[in-house]
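Residue numbers for the sequence shown follow full-length UniProt numbering, beginning at 1 and rising by one.
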Amino acid sequence: MEQFKKLPLSALEEYPASDAAAVHKKYLEEYRDFRSKIVVLDDDPTGVQTVHGVHVYTDWSLESLRQGLEEENSMFFILTNSRSFTAGKTEEEHKNLARRLVKAAGETGKEFLLVSRGDSTLRGHYPLELETLKNVLEEETGKEIHGQILCPFFREGGRFTIEGVHYVREGDSLVPAGQTEFAGDKTFGYSSSHLAAYAEEKSGGKYRQEDTILISLALLRTGAYDRITQLLMETQGFRPVVVDAIVESDVEVFATCLLRAMKAGKRFLIRCAAAVPKVLGNVSTIPLLTAKDLWRDEVSHAGNGQVEDGLSNCGQETEHNAHYGGIVLVGSHVKKTTMQLEALKRAGEEGGIRTGLEFLEFRVKACFEKGGLEAETKRMIVKAEKVMSQGKTAVVYTSRTLLAPEGMSREALLRLSVNISDAVTAVIEGLHRKPRFLIAKGGITSSDVGTKALKVKKALVSGQVQPGIPVWRTGPESRFPGLSYIIFPGNVGDEDTLRKIVEMLA
């Protein structure tokens, strides 16, 4: 039983601050002649929470990989959605992806740095995905991968790593991750808050806690570049390297040393949350997007007005669908999502949303009835379209009771979750008209909406509407080209964040 205690928020202020401008300048000096393309494998679509102006590909065909490698941008994302996969499927797909990436890199003459973007609350297929990538890359290239970087820091979501312990902000406290609801996840549960112990736990003892290297805040804040670089140069045997971080400049100090070590011949794979890609790709910080930004993007990037299957494919209704309603799809079951849904309900009851809201519950228990999910999907489509035709916002949400039948294995639970997600996603797929706006809540839900319902192959990340809540602008091949699609992670924001976004757009 771990002994770590909650910390007050003031603990974040106890370390001497770095000179952020000087740290950034030093990083740029290393970054300018770093020629490797940064390829981010995203296990759900929320990994673009901190970036803008980069592309997301939803498949890993050779064609897509070549296109990504040949882009002018220094970085691109591949949405694997592997958090919804079984262990067997994620291993198979990561093998395929790694082999194709090596082939595409050879054909284009590009080097690459591979980043595995996972959950900032430590859920996901770790270490399976990293080990699969390592094995294939070493086999295909003949070059050793010396270490694995673990950095789940994500400030916008309230995730901080201090002295190797990962914390999740809850109100005015920092709670060790192993003591949060996320650690009790039915599929990806864990008990360790110290990342070295977490690596040992999840690897079944393969990566021993005492062998893990810690890049501490003490090293980062004192600018110990030479010492950090030396530690990276000494890394062998795919040893885990845990990185402390509570502000972005901490990551920049580490990234400077990482690039130095890589230029000297060391090779690493990175397992991180959304903060690291922003730093590695030198992505600037921009203001949060407004409703005007989203409507302007839709008009300027809509398709050519062609109609397919009787649908307006580019959303060119007058005033950007101003007289047609939007839709919110809520699939996540975490406590924070339920609180946000309740806050939105209260706003609707109090008349706080200009256009009005209607809440439509998708009965997940229908999964136990023959043909039940299909029938429930059809019922939701009819109801949602009626609501939107009245200019109101339809809020479709899954029953808040989490189904976990006694005796069902983790993999069976994951399959059940995917079946329900498919049925909920089909609500969007079945719409006959482009909604005024679309918000999907939850990682698996938002991925399936993007790839299955909207048929997105390539999207551009516009930015964020609230901290940690990204917007995709869908490509011309998608069902609704130019749509600003809001991807709302289940575990991000405060109680009123969903309400604020809907109020802005409705």
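Here a beta-carbon is modelled for each residue, glycine too, at the ideal position from N, C-alpha and C. Just so you know, these numbers come straight off a predicted model, no measurement behind them.
> Going by alpha carbons, who is nearest to Glu29 out of Thr108, Leu280, Tyr207?
Replying inline: Leu280
> Would DSSP call Gln236 helix, strand or coil?
Replying inline: It is coil, neither helix nor strand.
> Given 8 Å as the limit, is there contact between the stretch 228-246 and the stretch 204-219, that is, 3 or more CB pairs closer than that?
Replying inline: yes
> Taking the Cβ atom as the reference point for each residue, do Val502 and Ser84 lie within a distance shorter than 7 Å?
Replying inline: no
> Is Met388 helix, strand or coil by DSSP?
Replying inline: The DSSP-derived three-state label of Met388 is helix.
> Is it true that the stretch 194-207 meets the stretch 121-134, where meeting means three or more beta-carbon pairs spaced less than 8 Å apart?
Replying inline: Touching, per the Cβ criterion.
> Hey, quick one: how far does the beta strand (DSSP E) through Met262 stretch, first residue to last?
Replying inline: First-last for Met262: 248-263, but that is the alpha helix (DSSP H), not the beta strand (DSSP E).
> Is it buried or exposed for Thr393, if we count other Cβ within 10 angstroms and need 16 for buried?
Replying inline: buried
>> Taking 8 Å as the limit between beta carbons, can you name the residues of its chain near Cys367, skipping five residues before and five after?
In response: Excluding sequence neighbours, Cys367 sits near Leu373, Leu403, Leu416, Asn419, Ile420, Ala423.
>> Let me check understanding here. Comparing Cα to Cα, which of Ala274, Gly348, Val395 lies closest to Leu329?
In response: That would be Val395, whose Cα lies nearest to the Cα of Leu329.
>> Would you call the stretch 25-44 in contact with the stretch 63-74, where contact means no fewer than 3 C-beta pairs closer than 8 Å?
In response: yes
> Between which two residues does the beta strand (DSSP E) harbouring Met75 extend?
Replying inline: 75-79
>> How far does the beta strand (DSSP E) with residue 541 in it extend, from its first residue to its last?
In response: The requested residue 541 is not part of the displayed model; the chain covers only 1 to 506.
> So, is Gly147 buried or exposed, given that buried needs 16 or more other C-beta atoms within 10 angstroms?
Replying inline: buried
> By the 10 Å Cβ neighbour count, where 16 or more other Cβ atoms means buried, how is Thr290 classified, buried or exposed?
Replying inline: By the neighbour-count rule (16 or more Cβ atoms within 10 Å), Thr290 is not buried but exposed.
> Should Asp44 be labelled buried (16 or more other beta-carbon atoms within 10 Å of its own) or exposed?
Replying inline: buried
>> With a threshold of 6 Å (Cβ to nearest heavy atom), would Glu495 be considered close to the ligand GTP?
In response: In terms of ligand content, the structure shown is empty, and the ligand GTP therefore cannot be addressed.
> How big is the Cα-Cα spacing for Arg100 and Leu259?
Replying inline: 25 Å
> Using the C-alpha atoms, what's the distance from Leu97 back to Glu350?
Replying inline: 50 Å
>> Is there a C-beta anywhere in chain D that falls below 7 Å from the one on Arg346?
In response: Given the protein chain composition of this structure (a single chain), no chain D is represented.
> Roughly how many whole angstroms lie between the Cα atoms of Glu429 and Val449?
Replying inline: 8 Å
> Got a sec, what are the start and stop residues for the beta strand (DSSP E) Ser173 sits in?
Replying inline: 173-176
>> For a minimum of 4 consecutive residues, which ranges assigned as the alpha helix (DSSP H) are wholly contained in the stretch 391-472?
In response: 410-429, 443-448
> With which residues is Lys26 paired in a DSSP beta bridge?
Replying inline: DSSP lists no partner for Lys26.
> Of the residues Ala20, His333, Pro481, Gln340, which one's Cα is nearest the Cα of Glu364?
Replying inline: It should be pointed out that residue 364 corresponds to Val in this sequence rather than to Glu. Val364 has its Cα closest to that of His333, out of Ala20, His333, Pro481, Gln340.
>> In the DSSP output, which residue or residues are listed as bridge partners for Glu374?
In response: Listed as beta-bridge partners of Glu374 by DSSP are no residues whatsoever.
>> Once DSSP output is grouped into helix, strand and coil, what is the label at Ser116?
In response: strand
> Roughly how many whole angstroms lie between the Cα atoms of Arg117 and Asp226?
Replying inline: The straight-line gap from Cα to Cα measures roughly 27 Å.
> In the DSSP assignment, what are the bridge partners of Gly164?
Replying inline: Looking at the DSSP assignment, Gly164 forms no beta bridge with any residue, so it has no partner.
>> Within a Cβ cutoff of 7 Å, which residues of the same chain sit near Leu505, ignoring the five residues on either side of it in sequence?
In response: Only residues of its own chain outside the window of five on either side were considered, and among them Ala291, Gly326, Phe437 have a CB closer than 7 Å to the CB of Leu505, listed in chain order.
> Which whole-angstrom value describes the C-beta separation of Ala20 and Ser249, a residue pair presumed to lie in contact below a C-beta threshold of 8 Å?
Replying inline: Ser249 and Ala20 do touch by the CB rule: their CB atoms are close to 5 Å apart, below 8 Å.
> DSSP puts Phe488 in a beta bridge; with which residues?
Replying inline: Lys441
>> Considering only their Cβ atoms, is the gap separating Ala459 from Gly475 smaller than 7 Å?
In response: yes
> Hey, Leu133 and His94: beta-carbon distance below 7 Å or not?
Replying inline: Yes, these two residues count as a Cβ contact at 7 Å.
> Lys378: buried (16+ other C-beta within 10 angstroms of its C-beta) or exposed?
Replying inline: exposed
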